[in-house]
Structures are given as structure tokens and as C-alpha cells.
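**Q**
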Amino acid sequence: MYMIYVGIDISKYKHDCFICNSAGEVIVDDLSFENNKKGFQQFLDLLKPYDNSNVRIGLEATGHYGLNLKLFLEKNNYTFMEFNPLLIKEFKKSLSLRKTKTDKIDTKAICQKLMSVPYKPNSKLFYHKYGLKSLSRLRETLVKQRSKYMVQLTNVLDIIFPEFKPFFNNKFSATSLYLLGKYKSSEKMAKMRDFETPNKISRGSFTYAKFAKLKELAKNSIGESDETFEIEFDTILNLYNEIDSKINSLDKQISTIVKELNPPTLSIPGIGELTTAVIISEFGDFSKFSNSAQLLSFAGLEPGIYQSGTMLTKGKMVKRGSGYLRGALMNIANVVIKYNPTFYDYYLKKRSEGKCHRVALSHVCKKLLRVIYKLETQNIQFDPSLLK
Numbered sequence: 001m002y003m004i005y006v007g008i009d010i011s012k013y014k015h016d017c018f019i020c021n022s023a024g025e026v027i028v029d030d031l032s033f034e035n036n037k038k039g040f041q042q043f044l045d046l047l048k049p050y051d052n053s054n055v056r057i058g059l060e061a062t063g064h065y066g067l068n069l070k071l072f073l074e075k076n077n078y079t080f081m082e083f084n085p086l087l088i089k090e091f092k093k094s095l096s097l098r099k100t101k102t103d104k105i106d107t108k109a110i111c112q113k114l115m116s117v118p119y120k121p122n123s124k125l126f127y128h129k130y131g132l133k134s135l136s137r138l139r140e141t142l143v144k145q146r147s148k149y150m151v152q153l154t155n156v157l158d159i160i161f162p163e164f165k166p167f168f169n170n171k172f173s174a175t176s177l178y179l180l181g182k183y184k185s186s187e188k189m190a191k192m193r194d195f196e197t198p199n200k201i202s203r204g205s206f207t208y209a210k211f212a213k214l215k216e217l218a219k220n221s222i223g224e225s226d227e228t229f230e231i232e233f234d235t236i237l238n239l240y241n242e243i244d245s246k247i248n249s250l251d252k253q254i255s256t257i258v259k260e261l262n263p264p265t266l267s268i269p270g271i272g273e274l275t276t277a278v279i280i281s282e283f284g285d286f287s288k289f290s291n292s293a294q295l296l297s298f299a300g301l302e303p304g305i306y307q308s309g310t311m312l313t314k315g316k317m318v319k320r321g322s323g324y325l326r327g328a329l330m331n332i333a334n335v336v337i338k339y340n341p342t343f344y345d346y347y348l349k350k351r352s353e354g355k356c357h358r359v360a361l362s363h364v365c366k367k368l369l370r371v372i373y374k375l376e377t378q379n380i381q382f383d384p385s386l387l388k
């Protein structure tokens with residue numbers, strides 16, 4: 001029985017496919033089907049003559065455009081394997097020197113690539129991880145937007161009540177946000193009488209002495225009491241509070257999903273639910289990577305290598321792959337060295353070799369990925385004794 005190989009080129013409104021068997025006989029040379037229910041059924045009809053276990057499907061990882069098709073394939077008991085678009089691009093170059101790009105050429109190249117490598121279909125958990133990826137990236141977008149609002153609030157606060165910032169260790173704490181939201185200017189804050197509410201919000205840390213001190217600062221403030229600034233401040237503060245609430249809601253949803261999945265990565269000290277979500281959703285199915293070096297390549301953390309004759313040089317990290325993932329991993333490594341002695345010692349070792357903080361941290365990142373790869377592929381919990 002021949003294996004059936006299917007190469008699919010994903011796009012927004014339609015998909016193209018090329019189908020052949022393991023003997024190289026072309027079954028479908030070029031077929032376009034729409035990205036809708038009718039089109040999916042048309043594609044499914046092409047596969048019905050063959051046993052599901054004998055059908056291998058390959059497609060590029062092209063974001064959300066192909067998600068509905070992937071879910072459709074899964075519901076109909078078909079597996080599929082995703083390829084990095086960069087790999088397909090390089091593979092096509094090896095097939096021809098011509099600079100020609102068509103959907104027909106792409107589908108055939110994907111199919112040929114599929115036939116040339118071991119078949120590693122996506123995990124059944126891909127949908128949950130895709131959902132985590134969407135939520136994690138949405139959270140990152142909202143956090144960046146919240147940071148912009150924080151800067152804008154600070155700028156207006158410098159005008160209406162400049163003495164407020166030094167008074168609070170965290171000017172965006174629940175207590176300070178309550179006071180700013182209610183009074184909005186130094187003039188109004190100088191006349192405030194309600195001590196109980198901010199005291200309750202702060203769980204007692206906002207004492208009456210602090211209350212009296214803040215009123216005194218407000219009374220002698222050089223801040224400008226102007227209605228236009230108050231309107232601006234109030235508008236930005238409302239936007240900040242709204243987006244902060246959305247972030248907190250996302251955090252709870254992400255944490256719930258990660259706890260249900262309970263991946264081995266979560267067992268590493270210093271890595272919580274939110275950071276675990278980024279790692280497992282961005283990498284997806286760890287079994288599709290042959291070794292930890294491929295994780296480094298996927299994240300763009302591997303060094304560039306140039307060799308010619310007797311000369312061999314290693315340069316800066318290539319920075320291909322997901323910049324979001326790479327940045328997240330660097331931040332995670334920065335936290336891990338604070339909670340794990342082994343990773344901290346490794347960081348100090350790299351610093352003693354003359355490497356700057358960022359470079360040493362990138363080495364911690366690589367070590368961390370090697371550990372994560374072992375945990376995820378062997379489904380074991382983190383054991384610090386194994387790192388000695």
C-alpha cells in the first residue's frame with residue numbers, strides 16, 4: 001500500500017494542494033479549494049479513497065489563516081505536519097535556481113519536503129497551545145499599551161501634583177490609583193476627608209500619619225489646578241484601569257489553562273503559569289524537534305557560523321524566528337537565575353569568562369532550553385540534582 005503525501009499552501013481566502021503517492025505518482029497536480037465549509041468538503045472528498053493512517057499532510061506554519069483547516073482535519077481524524085516557512089523557502093532554492101514563486105510550485109515543494117523527512121505530526125494538544133499563544137500574545141500587546149498609559153499618566157501628574165510621585169513607593173498601587181481617581185488634583189486632595197477607604201484598600205499600610213502628610217503636600221503643591229489637565233488625567237486613568245482589568249482577567253484564564261495542561265516546564269523554580277504559557281505555546285509540540293539545538297534555532301538564539309577553508313568564526317546570535325519568544329526567554333532566564341542556584345552558578349561562570357550580562361544571560365537561556373527540551377520530551381519533572 002502506497003503512502004499518500006499532501007502538500008498544502010495556506011492563504012487567506014483559498015488553499016492550494018498537491019497530492020502524490022510514495023512511488024512519486026502525481027494524484028492531484030494542482031487544486032485550489034476555498035477557505036470555507038464547501039471548500040473543506042471538496043478537499044476531504046479527494047482523501048476519502050485512502051485510509052486515514054496512510055495519508056500524510058504537510059503545510060507551512062502561517063499563523064491563523066490555516067487554523068480552521070487544521071481543526072477540520074483533526075475532527076476528521078487526519079494528522080498533519082507543519083513546516084517553518086523559512087525551511088520551505090530554502091528547500092525550494094535547492095530544487096531550482098529560478099526565482100519563480102507560484103502557489104503550484106509551493107505546494108509541490110511542501111509535498112517533496114514532507115516526503116524527504118521523518119513524519120512528525122502535530123500533537124492533539126495543538127489547539128489548546130494555539131489558544132494559549134493567542135492569549136499570551138494578546139496579553140503582551142495589552143501590557144505594552146498599559147505601559148504607554150503609565151508614561152502618559154506620569155507626565156500629566158508632573159503638572160497637576162508633582163509631589164505625589166515621591167510620596168508613594170509605587171504610584172500605581174491600588175491605594176494611589178484610588179486617590180488619583182477620586183480627587184484628580186492637588187487642590188482637591190488637600191481637602192479630602194475620607195481616611196477609612198484608602199486605609200482599607202491598603203490593608204492598613206496607609207496610616208493616618210501618611211494621610212495627613214499627603215494632605216499637607218497637596219496643600220503646598222506647586223501643581224497646576226486646571227480643568228483641562230484634570231479631564232486629560234481622568235481619561236487616561238480610566239483607560240489604564242480598563243486595560244489593567246483586562247490583563248488581570250487574561251492572567252486568570254491563562255493560568256487556568258496551564259494548570260489543566262500541567263506541563264513539565266511548570267516544575268522549574270522561577271517559572272510560573274504565565275511564562276510557561278509563553279514557552280509551551282510558542283514552541284508548540286516539542287516532539288517535532290529532533291534535539292535541543294533545534295529549539296535554539298527556532299527561537300533565534302543560535303550563533304551565526306561562517307566557515308571558509310581553514311577559517312571558522314562564530315558571530316552574534318542569528319535572531320531569526322520569533323522575536324517575541326526570544327525576548328520572553330531572556331526575561332525568563334533573568335528570573336530563573338534568582339531562584340535556581342545551578343543556573344545562577346552557570347551565569348556567574350560566564351561572567352567570570354569576561355562575558356557581559358546580556359551575553360551571559362543568553363547562555364543561561366540556552367541551558368534552560370536544553371533542560372526544558374528534556375523535561376517535555378521525556379515527560380519528567382525538574383530535578384536540580386540532575387544539573388550538577
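Mapping the sequence shown onto the UniProt record's numbering, position 272 (from 1) lands on 272, and the numbers just tick up by one. Beta carbons: idealized from backbone N, C-alpha and C, even for Gly.
Span of the alpha helix (DSSP H) holding residue 370?
**A** 357-378 is the span of the alpha helix (DSSP H), which, as asked, contains residue 370.
**Q** Measure the C-alpha to C-alpha separation of residue 215 and residue 175 and round it to an integer number of angstroms.
**A** Each residue's Cα considered, the two are about 15 angstroms apart.
**Q** Count the other CB atoms within 10 Å of the CB of residue 82; is the residue buried (16 or more) or exposed (fewer)?
**A** By the neighbour-count rule (16 or more Cβ atoms within 10 Å), residue 82 is buried.
**Q** Residue 215 by DSSP, collapsed to three states: which one?
**A** Residue state, collapsed to three classes: helix.
**Q** Whole angstroms are fine: how far does the CA of residue 41 sit from the CA of residue 13?
**A** Each residue's Cα considered, the two are about 15 angstroms apart.
**Q** So, with DSSP's three-state summary, where would you put residue 56?
**A** Residue 56: strand per DSSP, three-state reduction.
**Q** Would you call the region 320-334 in contact with the region 281-288, where contact means no fewer than 3 C-beta pairs closer than 8 angstroms?
**A** The region 320-334, when compared against the region 281-288, does touch it at the 8 angstroms Cβ threshold.
**Q** Using the DSSP secondary-structure output, state which residues sit across from residue 425 in a beta bridge.
**A** The structure shown does not extend to residue 425, since the chain spans only 1 to 388, so no value can be given for it.
**Q** Which residue spans inside the UniProt domain "Transposase IS110-like N-terminal" (6-162) form an unbroken alpha helix (DSSP H) run of at least 4?
**A** DSSP runs (the alpha helix (DSSP H)) wholly in the UniProt domain "Transposase IS110-like N-terminal" (6-162): 37-47, 67-75, 85-95, 103-116 and 126-160.
**Q** Note the first and the last residue of the continuous alpha helix (DSSP H) segment covering residue 381.
**A** Segment: none, residue 381 is in no alpha helix (DSSP H) and carries neither H nor E.
**Q** Taking C-alpha atoms, which residue in 66, 59, 277 and 77 lies nearest to residue 44?
**A** Of the listed residues, the one whose Cα sits closest to residue 44 is 77.
**Q** Would the beta-carbon of residue 199 fall within 9 angstroms of that of residue 211?
**A** Contact flag set, yes.
**Q** Do residue 25 and residue 50 have their C-beta atoms within less than 9 angstroms of each other?
**A** No, they are not a contact pair.
**Q** Indicate the three-state DSSP secondary structure (helix, strand or coil) for residue 201 in the structure shown.
**A** Helix, per DSSP.
**Q** So, is residue 122 buried or exposed, given that buried needs 16 or more other C-beta atoms within 10 angstroms?
**A** With 16 or more other Cβ atoms within 10 Å, it is buried.
**Q** Using CA coordinates, which residue listed in 201, 364, 67 and 11 is at the minimum distance from residue 296?
**A** Nearest C-alpha to residue 296: 364.
**Q** Quick check on this structure: which residue in 233, 10, 201 and 192 has the alpha carbon closest to the alpha carbon of residue 217?
**A** Considering only alpha carbons, the answer is 192.
**Q** In three-state DSSP terms, what is residue 254?
**A** Helix.
**Q** Contact defined as beta carbons within less than 8 angstroms: I believe residue 57 pairs with residue 8. What is the distance between those atoms, to the nearest angstrom?
**A** With 8 angstroms as the limit, residue 57 and residue 8 qualify as a contact, their Cβ atoms being about 7 angstroms apart.
**Q** As a quick exercise: from 33, 148 and 139, pick the residue whose alpha carbon is nearest that of residue 240.
**A** Per the Cα distances, 148.
**Q** Cα-Cα, which of 146, 197, 181 and 350 is closest to residue 160?
**A** When only C-alpha atoms are compared, the closest one is 181.
**Q** With a cut-off of 8 angstroms on the beta carbons, I'd call residue 273 and residue 255 a contact; round off their distance for me.
**A** So it is a contact: roughly 4 angstroms between Cβ atoms.
**Q** Determine the closest residue to residue 250 out of 359, 140, 300 and 344, with distance taken between C-alpha atoms.
**A** The shortest C-alpha separation from residue 250 is found at 140.
**Q** In angstroms, rounded to a whole number, what distance separates the CA positions of residue 246 and residue 132?
**A** If you take the alpha carbons of residue 246 and residue 132, they lie about 16 angstroms apart.
**Q** Where does residue 313 sit, in a helix, a strand or coil, going by DSSP?
**A** Confidence in residue 313 is poor, its pLDDT being 43 and thus under 50, which makes the residue's placement unreliable; the coordinate value appears in the next sentence. Residue state, collapsed to three classes: strand.
**Q** With DSSP run on the structure shown, which of helix, strand or coil describes residue 4?
**A** In this structure, residue 4 counts as strand in the three-state DSSP scheme.
**Q** Go ahead and pull the three-state DSSP assignment for residue 325.
**A** Residue 325: helix per DSSP, three-state reduction.
**Q** Drop a sphere of 10 angstroms on the beta-carbon of residue 112, count the other beta-carbons inside from all chains shown, and report buried for 16 or more, exposed for fewer.
**A** Residue 112 is buried by the Cβ-count criterion.
**Q** Are the CB atoms of residue 336 and residue 268 within a distance shorter than 9 angstroms?
**A** A contact, by the Cβ cut-off of 9 angstroms.
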